[in-house]
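Working notes, beginning with the structure itself.
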Amino acid sequence: MSLRSIALLSFCVLLAACSKINQENYSKLSTGMAKAEVETLLGKPTDCAGALGMSSCTWGDEKSFISVQYAGDKVLMFSGQGLK
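With mature numbering (1 follows the signal peptide of the UniProt record, and there is no 0) applied, the sequence shown corresponds to residues -16 to -1, 1 to 68, in that order.
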């Protein structure tokens, strides 16, 4: 294995370990938080959808995710799955 391959593999492992989708950040969420505060904590969401002043955003994938529901610009409720 070349040095370049080892460096790339190490970078990928490090990047995965630095995910913001984790139990520590999930525990920092609270109802009433502003959408901007959530995005500062978790980064840009993977997906968002909404209508009539309500929206739902998800960070992560089908195995490990955090989902946040907003009423206007404030967190109404949130859930997570597969967090470490």
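Backbone N, C-alpha and C fix where the C-beta goes; we use that ideal spot for every residue, glycine too. Here the structure is a predicted model, which means the values were calculated and not measured.
Residue state for Thr30 is assigned as coil, using DSSP reduced to three classes.
Residue Val52 holds the alpha-carbon nearest to the alpha-carbon of Asp31 among Ser63, Val52, Thr24, Lys58. Contact between Trp43 and Leu26 holds: CB atoms are separated by about 5 Å, below the 8 Å threshold.
Straight-line measurement puts the Cα of Leu36 at about 15 Å from the Cα of Val59. DSSP places Glu46 in no alpha helix (DSSP H); its state is neither H nor E. Counting other Cβ atoms within 10 Å of its Cβ, Gly64 reaches 16 or more and is therefore classed as buried.
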